[in-house]
Ligand code: ADP
Ligand code: MG
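Residue numbers (this note's numbering): 1473 to 1844.
In structure tokens, the structure reads:
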């Protein structure tokens, strides 16, 4: 495949059939492309919007080869795909995102090293793989610190906040199972993120700065306004990062703003991100649209326009009943339900986007009352 040569009716293979895969697929299908999904779960959300479905573990080379045989281009919805396995299909198939970026970013240590070496500011951190190295990290960073597993954490899973020596036993247990990163715990003023897309030609477009509120370390709410005081600084950090890490497609950089105003890069997701979901209704292009355009080698929009200020709330397993009882009276809610079969506590089941249009005062209280 050469650039700009991707034709209507050609197909995009997506590794992962969760909500991100589903929303990517919906975007691609709207534009006239076919979508093939690989996922171990035969009832995954994206299955029902796919032309072909391959039931396979993410890291199974035979499954990936089947997906490749059916697809003209391969992308992924999440970063925990094994970089070595991905490398094997890169050789013979068109995988515009490559395997190296996933390899760097799926490991919190190599991710932080790459970000720091770009000159962007990261939270002070240390590698922890033994009692001695934990003691050193505590000595250097001071309490409180956050311990995070190097691989596989999400929504705060695989993390322990260490406030005093009383928790040391718990921390020592954590070291037995995994290599960790110890991070200084930042006194947060706010959290923001910025989503961008980059195509193979190197064109890039930025979505507006997103303000994120977490509850129990899970994203609860994202708000976007027409301008943000950290916008220029955040984009400058992203530009440093992309000079070191090669991104193709949509990716998101998460930041902390400390109480003293310092901006720190927290982590990067090399894929569409929960905090960018509002873009489906609120912007001229969604983060899924620009992801698809990027990976098929098309040009990107010169500018992402936020039509209306917006807020997005996640719907977790425990929120769905309440949402269902309110929804019939709230046509202004843009409701997305992903179609996961099992409603689990704290599992992301959907989200709602509200276009504010100056109506914050009427929208917010209803929603926040419902979410209590
Ligand atoms: P995940 O991969 O689970 O998203 P993060 O590193 O982004 O992991 O942590 C999840 C949330 O936990 C963050 O968005 C933030 O609210 C909180 N958190 C994580 N690390 C720190 C830190 N060093 N200081 C303060 N808060 C933190
Ligand atoms: Mg995070």
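Virtual Cβ for every residue (Gly too), placed ideally from N, Cα, C.
Outcome for residue 1756 when other beta-carbon atoms lying within 10 angstroms are tallied against a minimum of 16: exposed
Given a cut-off of 8 Å, decide if residue 1663 and residue 1620 are closer than it, judged by their beta-carbon atoms. no
Could you pull the start and end residues of the beta strand (DSSP E) that residue 1548 belongs to? 1545-1548
Judging by CA-CA distance, which residue of 1685, 1738, 1720 and 1686 is the nearest neighbour of residue 1709? 1738
When you compare only the Cα positions, how much space is there between residue 1736 and residue 1667? 16 Å
Check: residue 1552 C-beta below 7 Å from any heavy atom of the ligand MG: Residue side-chain check: residue 1552 keeps its Cβ at 7 Å or more from all non-hydrogen atoms of the ligand MG.
Short Cβ contact (8 Å threshold) for residue 1507 with residue 1487: Contact flag unset, no.
Straight-line gap, residue 1688 to residue 1628 (C-alpha atoms, nearest Å): Approximately 8 Å between the Cα atoms of the pair.
Residue 1541 and residue 1518 - do their beta-carbons sit closer together than 8 Å? no
Helix, strand or coil for residue 1763 per DSSP? helix
Is residue 1745 a contact residue of the ligand ADP, with contact defined as CB to any heavy atom under 7 Å? Incorrect: residue 1745 has no Cβ contact closer than 7 Å to the ligand ADP.
Residue 1646 burial status per 10 Å Cβ neighbour count (16 or more: buried): With 16 or more other CB atoms across the displayed protein chains lying within 10 angstroms of its CB, residue 1646 is buried.
Just to confirm before moving on: does the CB-CB distance between residue 1652 and residue 1633 stay below 8 Å? no
Which partner residues does residue 1822 have in the DSSP bridge list? 1787 and 1809
My guess is that residue 1483 and residue 1523 are in contact by the Cβ rule of under 8 Å, so how many angstroms apart are they, rounded? 7 Å
How many angstroms separate the CA atom of residue 1504 from the CA atom of residue 1671? Linking residue 1504 to residue 1671 through their CA atoms gives a straight-line distance of about 19 Å.
Assigned exposure category for residue 1543 - 16 Cβ within 10 Å defines buried: buried
Mind listing, in chain order, the residues whose beta carbon lies closer than 7 Å to a non-hydrogen atom of the ligand MG? Ordered along the chain, the selected set is 1726, 1738 and 1739.
Sufficient close CB pairs (3 or more, under 8 Å) joining the segment 1813-1827 to the segment 1774-1785: The segment 1774-1785 and the segment 1813-1827 touch, with three or more beta-carbon pairs separated by less than 8 Å.
What are the residues that DSSP puts in a beta bridge with residue 1597? 1655
State the DSSP-derived secondary structure class of residue 1793, mapped to helix, strand or coil. helix
What residues in its chain sit with their C-beta under 6 Å from that of residue 1700, if we drop five residues either side in the sequence? Cβ neighbours of residue 1700 beyond the five flanking positions: 1681.
Close Cβ partners of residue 1478 (< 8 Å) along its chain, the five nearest in sequence each way excluded: 1505, 1544, 1545, 1768, 1769 and 1770
Would you say residue 1573 and residue 1531 are within 8 Å of each other, going by their C-beta atoms? no
Do residue 1631 and residue 1625 come within 8 Å of each other at the CB atom, strictly closer than that value? yes
Contact defined as beta carbons within less than 8 Å: I believe residue 1604 pairs with residue 1696. What is the distance between those atoms, to the nearest angstrom? Actually they do not touch by this definition, with Cβ atoms about 45 Å apart.
Taking 7 Å as the cut-off, is the beta-carbon of residue 1629 closer than that to any non-hydrogen atom of the ligand ADP? yes
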